[in-house]
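Chemist:
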Amino acid sequence: MYAPRQVASETIHYRTCPFCEATCGLAVTMRGDEVVSVRGDEDDVFSHGFLCPKSQGLKQLHDDPDRLTRPLVRRDGELVEASWEEAFAEVDRGLSKVLAEGGRDAGAVYLGNPSAHSLGPMIYGPAFVKALGSKNIYSASTVDQMPKQVSAGLMFGAGLSVPVPDVDRTDYLLILGANPLVSNGSLLTAPDMRGRMRAIRERGGKVVVVDPRLSRTAKEASEHHFIRPGTDAMLLLALANTLLDEGLADPGALAEHANDAERLPELAAPFTPEAVAAACGIAAPEIRRIARELAAAERAAVYGRIGTTTQRFGTLASWLVDVLNYLTGNLDREGGAMFPLAAVGQRNSTGDGPTGKGVKVGRWASRVSGRPEVFGELPVVGLAEEITTPGEGQVRALVTIAGNPCVSTPDAGALERAVEELDFIVSLDIYVNETTRHADVILPAPEPLAKAHYDFALYQLAIRSIANYSPPVIETADDQPQEWETVLRLAAIAAGQGPDADLGSWDDLVVQTLIGREVGIPGSRIEGRDAGEIIAALAPRRGPERVLDFMLRAGPFGDAFGGDPDGLTLTELEQAPHGIDLGPMRPRLPGVLRTPSGKIELAPEEIVADLPRLEAALAEASPNGHMVLIGRRQLRSNNSWMHNLPALVKGKDRCTLQIHPDDAERLGLADGGAALISSSSGELRAPVEVTAEIMPGVVSIPHGWGHDTPGLRMEVASQHPGVNSNLLSPVEVDLPSGNAVLNGIPVEVTAADREPAVA
Ligand code: SF4
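Residue numbers (this note's numbering): 92 to 850.
1) Within its chain, find whatever has a CB closer than 6 Å to the CB of alanine 113; leave out the 5 residues flanking it on each side and keep chain order.
2) Do the CB positions of serine 859 and alanine 231 come within less than 8 Å of each other?
3) Using the C-alpha atoms, what's the distance from proline 238 back to glycine 442?
4) Are glycine 426 and aspartate 262 close, meaning C-beta to C-beta below 8 Å?
5) Any heavy atom of ligand 1 within a distance shorter than 7 Å of the CB on leucine 146?
6) Quick one: Cα of threonine 841 to Cα of threonine 400, how far?
7) Can you tell me the Cα-Cα spacing of glycine 534 and leucine 506, whole angstroms?
8) Quick one: residues in its chain with C-beta nearer than 6 Å to the C-beta of leucine 736, no 5 flanking neighbours on either side, listed in chain order?
9) Cβ of leucine 342 versus every heavy atom of ligand 1: is any distance shorter than 7 Å?
10) Hey, is proline 142 close to ligand 1, as in C-beta under 7 Å from one of its heavy atoms?
11) Is leucine 818 helix, strand or coil by DSSP?
12) Given a cut-off of 8 Å, decide if arginine 285 and serine 313 are closer than it, judged by their beta-carbon atoms.
13) Do cysteine 111 and ligand 1 come close, with the Cβ less than 7 Å from some heavy atom?
14) Is any non-hydrogen atom of ligand 1 found closer than 7 Å to the C-beta of asparagine 270, if you look at the structure I gave you?
15) Give, in chain order, every unbroken run of the beta strand (DSSP E) that is at least 3 residues long and sits entirely within the stretch 114-139.
16) Pair every Cβ in the stretch 711-731 with every Cβ in the stretch 134-146, then say whether three or more of these pairs are closer than 8 Å.
17) For the alpha helix (DSSP H) containing lysine 188, list its first residue and its last residue.
18) According to DSSP, is isoleucine 554 helix, strand or coil?
19) Is threonine 114 near ligand 1, judged by its Cβ being under 7 Å from some heavy atom?
20) Quick one: what's got a C-beta closer than 8 Å to glutamate 176's C-beta in the same chain, skipping five residues either side?
21) Looking at C-alpha atoms only, which residue of Leu330, Ala387, His348, His669 is the closest neighbour of proline 364?
22) If you draw a straight line from the alpha carbon of isoleucine 625 to that of isoleucine 214, how long is it in whole angstroms?
23) Does ligand 1 have even one heavy atom less than 7 Å from the beta-carbon of cysteine 746?
24) What three-state label does DSSP hand asparagine 350 in the structure shown?
25) Which of the three DSSP states is assigned to asparagine 830 in this structure?
26) Between the Cα of alanine 197 and the Cα atoms of Arg508, Arg260, Glu477, which residue gives the shortest distance?
27) Give the straight-line distance between the Cα atoms of alanine 738 and aspartate 155, rounded to the nearest whole angstrom.
28) On the DSSP bridge assignment, give the partners of arginine 166 in chain order.
29) Let me make sure I understand the geometry here. Which of Ser225, Thr480, Asn332, Val790 has the alpha-carbon closest to that of threonine 419?
30) What residue ranges within the stretch 373-411 form continuous beta strand (DSSP E) runs of no fewer than 3 residues, ordered along the chain?
31) Does DSSP put alanine 850 in a helix, in a strand, or in coil?
32) Does ligand 1 have a heavy atom nearer than 7 Å to the CB of proline 238?
33) Assuming isoleucine 750 and phenylalanine 137 are in contact, meaning their beta carbons sit under 8 Å apart, how far apart are those beta carbons, in whole angstroms?
34) Less than 7 Å between the CB of asparagine 275 and some heavy atom of ligand 1, yes or no?
35) Start and end of the alpha helix (DSSP H) containing serine 274?
36) Decide if glycine 649 is buried, meaning its Cβ has at least 16 other Cβ atoms within 10 Å, or exposed.
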């Protein structure tokens, strides 16, 4: 077993940062239970010492007096401390009553973004969701990346088969709507994107950024183009149109793995560069030049992220990113856009013939507006109406797991009012925030240093095959359960077993289910093996470590329980505190495909059916239309939840309305003054930041702020409240994915001392 390094009375622990997708290795120096420092781990096999300011959150969260360690239960209208037994008994009373009276759909779940970085919700969350048996499952995915999952699912057969740009080997990187220098990569796990982008330029390559803002990433690029928000799909179609029209499309060997290539010219025909130029704000010759450069580059990749997904045509844009990677022959090619191979969660089949069932969306629909299901969940824009609309299946109880939907989801004012009407709310959360302040019970998870960590979702999006496990560094406070135990306790309560159920049998059930599934899959590395022998081989591990050990060993690099003596196990990872690098991405076609045809589906009907809507938008587009609102990523901010950490909010107010100088002058706005911004959903007042770094006609407010609500117990955040941009986001979705439209929202902007215009 690896022993942490000790220097005098200090011990250095090596851990993966749990705060974003980059998975940086950190060296955490502890003196007893005190966190002395957090630095980059120079020996980490992936990040090599890189870290960003958010990493200091490990220490600041540890020291945060507002972070909950004991449950809170509402008594006489007040949230007061209670024992864990009392808290779970209260959950049993409240949740069971709602489910008994209203049926399974009366209980809803919202899973926030940090769930994706935590083993407890990742491994045991599905057991809770299954036990609840409700259609009302919601998550941050439908205010984020769902369009990409839908397009990847329909094209390649699995929602996590997302091609990522091979940034370390590419010569030409076209980035749309992403700011990886600030977000540090998203649907692209690659620490130190600044260094990696610089390396592209140093080896003679080119980085082109298309974004309504001259973002930090755009400043590092070879060239930047402003684009009118929401028109990325038009630009991408125009690029495809140029490739096809000028005979530049050359998918090469990919052609034998793809269906419907012959449909692409017709689908792209209406979107010539000349037709889209005014709508996009990019001149037609520039569009043609970029297309020609893409085609000419030895190795090129197109990458789109949040600006391309959180908009009206998110699925179309996500699909077209990979259509371009196909047309240029760069899909699944070194230096192009490749399918990662993770040590956990993926299979490396040889892929002869049809390999999967593909994905289906719309297997059921939301009760009130009939919005289609996607990957087992419903679009979160519909949560408020599901709570407020009477009838069978009306949501009366809400379970939030590491989420703050009252800040993070559209039409936030309506959701806030709706949540007040609920009969029961239980939140697994470390703060009394804008959402959990309404809870009847809050169950805090341990801080990150007290939890085991392995990024098994994000390694599936990494540019190298990396495995890195971090054991807990400190004990949980008092009798605080581990997060996975709390999730399983909620599952047992939802299943009607009460608050004292035996969690050991639930844990057994989870691992047995996983093993049973894997041994039954043709081509799996443990196909046909005896499940009992595998369980015995995992002993004496329990909990997430047992599941993780199983998944590692059954995975593409694992020991296959004796099948490959040199293969990976959790024991081996425990001896490798800086992680294990299993190599760069490698070509995976056709084995990666899970479509029923065993081919890449280049024109899925569910996606191309949305093209007429885009064509209509193109016909209506006016370069002199409304001012439109977009969000923006910030280096020291992570959605809504890290604003109580002094190191991350100090300095000048960063929650500003950015506006171009020409617009500011026309509207009578001054830098440092205040503006009123109104949309069809609401109105807010924000400080003005005049900057030529934003496109004329576009304004930007970062999301995740607005901590000025009464009842919060977040002292630091309350002193730096900012404004909640989601008060302005309407209930509008990208149709194929149900993802919220958070960018390109029509707004009216006036000086704060004037009457706001009606939107
Ligand atoms: S980039 Fe992400 S993973 Fe790396 S230190 Fe910052 S928050 Fe942590």
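Don't be surprised by glycine CBs; every beta carbon is placed ideally from N, CA and C.
Modeler: In terms of the structure at hand:
1) Asn275, Gly276, Pro282
2) There is no way to answer for residue 859, as the model of the chain reaches only from 92 to 850.
3) For glycine 442, the predicted model reports a pLDDT of 45, less than 50, meaning its position is unreliable; a value from the coordinates is still stated below. Whole-angstrom Cα-Cα distance: 26 Å.
4) Glycine 426 places its beta carbon less than 8 Å from that of aspartate 262.
5) Correcting the residue type first, residue 146 is serine in the shown sequence and not leucine. Because some heavy atom of ligand 1 lies under 7 Å away, the Cβ of serine 146 counts as near it: yes.
6) 28 Å
7) What sits at residue 534 in the sequence shown is leucine, not glycine. Roughly 22 Å between the two C-alpha positions.
8) Gly148, Gln151
9) Sequence check: residue 342 is proline here, not leucine. No, the beta carbon of proline 342 sits no closer than 7 Å to any heavy atom of ligand 1.
10) Note on residue identity: the sequence assigns leucine, not proline, to residue 142. Yes, the Cβ of leucine 142 comes within 7 Å of a heavy atom of ligand 1.
11) helix
12) no
13) yes
14) No, ligand 1 has no heavy atom inside 7 Å of this Cβ.
15) Complete beta strand (DSSP E) runs here, min 3: 116-122, 125-131.
16) Yes, the stretch 711-731 is in contact with the stretch 134-146.
17) Lysine 188: member of the alpha helix (DSSP H) spanning 175-193, first to last residue.
18) coil
19) yes
20) Pro590
21) Leu330
22) 18 Å
23) no
24) strand
25) strand
26) Glu477
27) 11 Å
28) Beta-bridge analysis with DSSP links arginine 166 to Glu169.
29) Asn332
30) 391-395
31) Reliability fails at alanine 850, whose pLDDT of 36 lies under 50, so the model's placement of it is uncertain and no value is given.
32) no
33) With a Cβ gap of about 39 Å, isoleucine 750 and phenylalanine 137 do not count as contacting.
34) yes
35) 271-274
36) buried
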